[in-house]
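Each step along the sequence shown adds one to the number in my numbering, with nothing skipped, and position 536 is 1972.
Ideal placement from N, C-alpha and C gives every residue a C-beta, glycine not left out.
Accompanying notes for the structure given below.
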Amino acid sequence: MTIAGTPGGPESPLLEDTVDGYTDHKGRPARRSTSGGWRSAYFIIGVEVAERFAYYGIQANLINYLTGRLGQSIASAAENVNTWTGTGSLLPLVGAFVADSYLGRYRTIIIASLLYILGLGLLTLSAVLPSPSPSNCQESNQITSCSPPQLQIILFFFSLYLVAAGQGGHKPCTQAFGADQFDGRNPEECKAKSSFFNWWYFGLCFGTVITYSVLSYIQENLNWGLGFGIPCVVMIAALLLFLLGTRTYRYSVKKDEKSPFVRIGEVFIAAAKNWRTMPSLVATEELAREAPHHQVSQQFKCLNKALLAPDGSKGNGRQCTIDDVEEAKAVLRLFPIWATCLVYAITFAQSSTFFTKQGITMDRSIGWGIDIPASSLQAFISLSIVLIVPIYDRILVPIARTLTRKPSGITMLQRIGTGMFLSAISMVVAALVEMKRLKTAQEHGLVDMPNVTLPMSVWWLLPQYILFGVSDVFTMVGLQEFFYDQVPIELRSVGIALYLSIFGVGSFLSSSLISAIEKATGGDGQHSWFNDNLNRAHLDYYYWFLAGLSVVGLSLYLYFAKSYIYNRGSTL
1437 MTIAGTPGGP ESPLLEDTVD GYTDHKGRPA RRSTSGGWRS AYFIIGVEVA
1487 ERFAYYGIQA NLINYLTGRL GQSIASAAEN VNTWTGTGSL LPLVGAFVAD
1537 SYLGRYRTII IASLLYILGL GLLTLSAVLP SPSPSNCQES NQITSCSPPQ
1587 LQIILFFFSL YLVAAGQGGH KPCTQAFGAD QFDGRNPEEC KAKSSFFNWW
1637 YFGLCFGTVI TYSVLSYIQE NLNWGLGFGI PCVVMIAALL LFLLGTRTYR
1687 YSVKKDEKSP FVRIGEVFIA AAKNWRTMPS LVATEELARE APHHQVSQQF
1737 KCLNKALLAP DGSKGNGRQC TIDDVEEAKA VLRLFPIWAT CLVYAITFAQ
1787 SSTFFTKQGI TMDRSIGWGI DIPASSLQAF ISLSIVLIVP IYDRILVPIA
1837 RTLTRKPSGI TMLQRIGTGM FLSAISMVVA ALVEMKRLKT AQEHGLVDMP
1887 NVTLPMSVWW LLPQYILFGV SDVFTMVGLQ EFFYDQVPIE LRSVGIALYL
1937 SIFGVGSFLS SSLISAIEKA TGGDGQHSWF NDNLNRAHLD YYYWFLAGLS
1987 VVGLSLYLYF AKSYIYNRGS TL
């Protein structure tokens, strides 16, 4: 017997039902028997696997390209990586706005894919242009530095941010479009939608495992141009795959009414204008009579003043409806959760920067004269996710479902909090391992020999990578589902963009932290925490600091999560 809600499971017992609010590719009402469900989700998950392969093909080894080919310091390179990833995670807010207000998700994905391909093509060109060879670089304090022509650097960063712009339109729309293929009002498809977010992240991480394992080796040992060119070809294949599924998709119907952005904006403006206005007795009685027909939340009562005319009555001067106010409250209710997850995003940024630079100093040999690229260790984050997601989805969720009677087993906020706790543990482990690495350098007299490999296996870093992966299964997937589920239906792309913006702002905060700590600890001839010679740096102090910050962030998160009220259309 096939289990409903899993890949290959039945779409719905009512196969001939049309799906309200959706059309097929010809504009006709969408039918469950011929559109949506897993038949469409497979195409979209495949597209995401390819897109993540392309993105992480650039991001995974970017810090090594910046410190190697472009000759930047470790601190500057880490700041540039964080700034780029931060920009790439904030631009989805723009892409989601364009999709939800004007173009729709399908068209936005196609246009974003073309931008993505153009950026990757130019990035490949910048990598194959002639640049100084290592033999022409200058040696300074045993740290090799060389810099290519300025025009090549400009082309590289222009291409890099063009890729970020492409991701800004692609990332929020693809995931929201995939979730749209399941009708949350249908019991069977509702279960499938919750499962979709798990398998979505499974597919995403499967693509990144290949990236970290294959592309990192090609970039470091063969050719950077080939290492950047392969993601470009893969992205072209992703666009073709997406177009291939056109006939199977469900397309949400755009209603002939005000944009949700306009409606929500009008609520805040009207409430601000009426902040001194006291409701009249007549208005209070009318709103009380109207309330039974609408489910009015008791949070953020100040926004209820948007329901009043400037004179305090509920007359012709009233601009907003109760539904408008409830939409605005739903968005505002997300902010404390969004803000308290920023610390998680700061710790998340470390795996592609300092973790990688630590690995370069350690013994990376695996026999037969082969050294694995330090950046390839990031594959263990994705590999642990690939292993844990099926266990979580097929074993833990059904068990939890029988205990809690909830479709997803545990609530979305419980899932997010679990991952945040594991993230804090990973920072403690990272600090302890770095202390061990520094001690090894001292014991063997290698403190002032940064280019000499330490007699300490790179596999010491494995536990912190695995903990990162397990925490992602809980927090990352939980955040995706939470921000998709808790925003108004018309703002689903924006919901995904809000989730991504956590990591955008987190990357910027990480960059600012690095800059501030660099200035505070590197003055008066002292060795900063992020010294280019990592044997004299103190990344362990930084990791202890992040561990403490994670505990504070988790405490605040638990406080706000405890009082959070789920939207009344939520599946939880």
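Query, Result
"Indicate whether the contact test is met: 3 or more Cβ pairs, each with one atom in the stretch 1593-1607 and one in the stretch 1513-1529, closer than 8 Å.", "yes"
"By the DSSP assignment, the alpha helix (DSSP H) with S1893 in it spans what residues?", "Taken as a continuous stretch (DSSP letters only), S1893 belongs to no alpha helix (DSSP H), being part of the beta strand (DSSP E) at 1890-1893."
"Less than 8 Å between C-beta atoms, sequence neighbours within five positions excluded: which residues of the same chain meet that for S1999?", "none"
"Since R1928 is in the beta strand (DSSP E), which residue starts that stretch and which ends it?", "Careful: R1928 lies outside any beta strand (DSSP E), inside the alpha helix (DSSP H) at 1928-1957."
"Should N1500 go down as buried or exposed, given a rule of 16 or more other Cβ atoms within 10 Å for buried?", "buried"
"So, is the C-beta of V1869 closer than 8 Å to a C-beta in chain B?", "Protein chains in the displayed structure number just one, and chain B is not present."
"Here's the rule I'm using: 16 or more other beta-carbon atoms within 10 Å means buried, otherwise exposed. How should L1717 be labelled?", "For L1717, the pLDDT reaches just 44, beneath the cut-off of 50, and the residue's location in the model is therefore unreliable, although a value from the coordinates is still provided. The residue is exposed, with fewer than 16 neighbouring Cβ atoms inside 10 Å."
"Secondary structure at D1616, three-state DSSP: helix, strand or coil?", "coil"
"Skipping 5 residues on each side, what residues in its chain have a beta carbon closer than 7 Å to that of V1483?", "T1610, A1674, L1677, F1678"
"Can you confirm whether the stretch 1956-1975 touches the stretch 1881-1891 when touching is taken to mean that 3 or more C-beta pairs between the two stretches lie within less than 8 Å?", "yes"
"Going straight from the alpha carbon of V1645 to that of L1744, what length do you get?", "55 Å"
"Who are the near neighbours of G1855 in its chain, counting only those whose CB is closer than 6 Å to its CB and skipping five residues on each side?", "S1907, F1910, T1911"
"Return the first residue and the last residue of the alpha helix (DSSP H) that R1873 is part of.", "1848-1879"
"Would you tell me roughly how many angstroms separate the C-alpha atoms of I1547 and R1541, rounded to the nearest one?", "10 Å"
"Do the CB positions of V1629 and G1639 come within less than 8 Å of each other?", "The identity of residue 1629 in the sequence shown is Lys, whereas the question assumes Val. Contact flag unset, no."
"Let me know the secondary structure DSSP gives Y2002 once reduced to three states.", "coil"
"Assign D1760 to buried or exposed, taking buried as 16 or more other Cβ atoms, counted over all protein chains shown, within 10 Å of its Cβ.", "buried"
"Can you look up V1455 in the DSSP assignment and give me helix, strand or coil?", "strand"
"Using a threshold of 8 Å, state whether the C-beta atoms of A1615 and F1642 are closer than that.", "no"
"Please state whether the Cβ-Cβ distance between D1829 and N1634 is less than 8 Å.", "yes"
"So for A1466, helix, strand or coil by DSSP?", "strand"
"Assign Y1687 to one of three DSSP states: helix, strand, or coil.", "strand"
"Quick one: Cα of W1774 to Cα of W1804, how far?", "48 Å"
"If you compare alpha carbons, which of S1859, T1776, Y1653 is closest to R1800?", "Y1653"
"Looking only at its own chain, which residues have a Cβ that is under 6 Å from the Cβ of I1579, when we skip the five neighbours before and after it?", "With a pLDDT of only 40 at I1579, under the threshold of 50, the placement of this residue in the model should not be trusted; the figure read from the coordinates follows. Taken in chain order, the residues that qualify are D1968."
"Do three or more CB pairs link the stretch 1859-1873 to the stretch 1914-1922 at distances below 8 Å?", "no"
"Does the separation of the CB atoms of M1848 and G1914 fall below 8 Å?", "yes"
"Going by alpha carbons, who is nearest to S1509 out of E1954, I1672, R1851, E1762?", "E1954"
"Taking only the alpha-carbon atoms, compute the straight-line gap between I1852 and P1899 and give it to the nearest angstrom.", "21 Å"
"Where do the ends of the alpha helix (DSSP H) carrying K1793 lie?", "1790-1796"
"List, from N- to C-terminal side, the alpha helix (DSSP H) runs of 4 residues or more that fit wholly inside the stretch 1477-1564.", "1498-1504, 1510-1526, 1528-1534, 1541-1564"
"Is the beta carbon of A1563 sitting closer than 8 Å to the one on I1950?", "no"
"CB G1472 to CB Q1617, shorter than 8 Å?", "yes"
"Using three-state DSSP, classify D1799 as helix, strand or coil.", "strand"
"Identify whether D1807 lies in helix, strand or coil by the three-state DSSP scheme.", "strand"
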